[in-house]
Amino acid sequence: MKKTGFYIIKDKFFEDMPDPYLKGNRAGNRPHYYCFEDTSTGIYWMIPLSSRIDKYRRIMEKKPGNLATFFISSNWTTAGRVHF
Numbered sequence: 022m023k024k025t026g027f028y029i030i031k032d033k034f035f036e037d038m039p040d041p042y043l044k045g046n047r048a049g050n051r052p053h054y055y056c057f058e059d060t061s062t063g064i065y066w067m068i069p070l071s072s073r074i075d076k077y078r079r080i081m082e083k084k085p086g087n088l089a090t091f092f093i094s095s096n097w098t099t100a101g102r103v104h105f
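Count along the sequence shown starting at 1, add 21, and that's the number in this note's numbering.
Right under this line is the structure:
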C-alpha cells in the first residue's frame, strides 16, 4: 500500500466489517478515499471524499459548536479548511 493516494475499498471489507457508520459501496457507486499514514502511530487513515459540496455545507451549517473539521475544495491545490 502506498503511504498516500486515492483508493476504492473492496466490497469484501464492508462485508467483513459491518458497521453502520462506514460509508459502504452502494450499487457500484463506490466511495473514493484518500489514504495517508500517521507516522507517529503507523495507522493508515482512510478519508472519504465527496463531490457534493453543497450537501456538506448545509450539514455544517446545522451543526452547533466545533465538532469536526471539513476540507472543501474545488480542486486539490486550493483546499480550504472549514470548522463547524
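Here a beta-carbon is modelled for each residue, glycine too, at the ideal position from N, C-alpha and C.
Exercise for review: Check residue 38 in the structure and name its three-state DSSP category.
Suggested key: Numbered from its first residue, the sequence shown carries residue 38 at position 17. Correct three-state label for residue 38: coil.
Practice item. Could you tell me which of 39, 71 and 56 sits nearest to residue 64, measuring between CA atoms? Key: Within the sequence shown, the letter at position 43 stands for residue 64. Checking every option, the nearest Cα to that of residue 64 belongs to 56.
Point to revise | Beta-carbon separation (whole angstroms), residue 80 vs residue 53, contact threshold 8 Å | key: If you number the sequence shown from 1, residue 80 lands on position 59. If you number the sequence shown from 1, residue 53 lands on position 32. Wrong, their Cβ atoms sit about 19 Å apart, outside the cutoff.
Point to revise | Straight-line gap, residue 27 to residue 75 (C-alpha atoms, nearest Å) | key: As a working note, residue 27 is residue 6 in the sequence shown. As a working note, residue 75 is residue 54 in the sequence shown. The alpha-carbon atoms of residue 27 and residue 75 are separated by roughly 22 Å.
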